Every structure is written in C-alpha cells, then in structure tokens.
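J.:
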Amino acid sequence: MLKGIDPLLSPDLLATLRAMGHGDEIAVVDGNYPALEHARRLVRLDGHGIVAVVNAILSLMPIDDFVPEAIFRSTVGSDAERLDPIHQQMIACCARHEPVRRVVPLVGQDFYKRVKAAHTVVQTGEPALYANLILRKGVIYPQN
C-alpha cells in the first residue's frame, strides 16, 4: 500500500503507467474483450469494473493535450452515436479528470486496430458489453 495512490492500481499497472511515454496509449477493456490476442503487454484487473479502473488510472496519468483527440471509446456495433449506460459512466469519469477533453467513438476495426498498437491493454472484469476505452498519455509540465 502507498499513500495517496488508489489501491486498485496493481504493481504491474503502476510500473506500466510510469514506463509509458508521451503519446503512448493504454487500452482499458471489458471482461469479454479478446485482450490476450490484441495486447502487446497485458495487465489483468479481474474483479474490477472499468469505471473504477479508469478513475484510478486518471488519478495519476495526464491525458495528451498536444493532439485534438486523446480519449477513445468503442461503439455498439457500427452506431457511433449510441450511448449505453456504461458509456455514459465512462464519459462522466473522464470528464471529472479531463473536463475539456471529448471521448471520441471509434467503430469496430478502427478501435481494434488502435488497441493492437497500444503500449498496454488492461483487462478488467467489467461485465457490460462494449465497455472499452483508450487513453493517450500526456506530459507533466515543469513548475517554474
């Protein structure tokens, strides 16, 4: 246990977040996602929902502000506008940490392709379908 760090963040996930550089992406996926097949590196957080995991990650990791889009979600089929309750919860969680960033829908293969290129995939135990998110790491600016 460490002070000020969400205990949900496992040693492997903490090491991953620290090792990632600016522009690297981390995918946080539901329990049904084919993570083992798509991951270059896989961290498992079975038993935890995606919103709690994303909240813990965003408590430490800055989101990239060098690009117009840095947070992406999967869609229900090809309907980019459909928001299931889990999508609304994920978007609200991201907005608490990054209020000026939009969560961008990515349809099907576009989402899969981005996950396969991600630095790491974190597989949660989230039972909701299509509950997947990609976060692009930003920078910590120096304090002058």
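All residue numbers for the sequence shown refer to our numbering, where the first residue is 5 and numbers rise by one.
Idealized CB from N, CA, C, for every residue including glycine.
No experiment lies behind these values; they were computed from the predicted model shown.
#1: Give a yes or no on whether the C-beta atoms belonging to G156 and G8 are separated by under 7 Å.
#2: DSSP on A31, reduced to helix/strand/coil?
#3: Using a Cβ-Cβ cutoff of less than 8 Å, which residues in the same chain neighbour V58 once the five nearest sequence positions on both sides are dropped?
#4: If you measure between the beta carbons of L12 and A60, is that distance less than 7 Å?
#5: In this structure, how does DSSP classify P15 when only helix, strand and coil are distinguished?
#6: Examine the Cβ distances between the segment 102-110 and the segment 15-33 and report whether three or more of them are shorter than 8 Å.
#7: What do you reckon, is the C-beta of N59 under 6 Å from a heavy atom of the ligand MG?
#8: To which residues of the same chain is I144 closer than 7 Å at the C-beta, ignoring the five residues directly before and after it?
T.: Taking the geometry as given:
#1: The chain is shown from 5 up to 148; residue 156 falls before or after that span and cannot be answered.
#2: Along the sequence shown, read from residue 1 onward, the residue named residue 31 stands at position 27. In the structure shown, A31 sits in a strand (DSSP, three-state: E or B).
#3: Numbered from its first residue, the sequence shown carries residue 58 at position 54. Once the five neighbours on either side are set aside, the close Cβ partners of V58 are V32, M94, C97, C98, L137, L139.
#4: Here residue 12 is taken as the residue at index 8 of the sequence shown, counted from 1. Here residue 60 is taken as the residue at index 56 of the sequence shown, counted from 1. A contact, by the Cβ cut-off of 7 Å.
#5: Residue mapping note: residue 15 aligns to position 11 of the sequence shown, counting from 1. Reduced to three states, the DSSP call for P15 is helix.
#6: no
#7: With respect to the ligand MG, the structure shown offers nothing to examine, as it has no ligands at all.
#8: Along the sequence shown, one-based indexing puts residue 144 at 140. The residues are P66.
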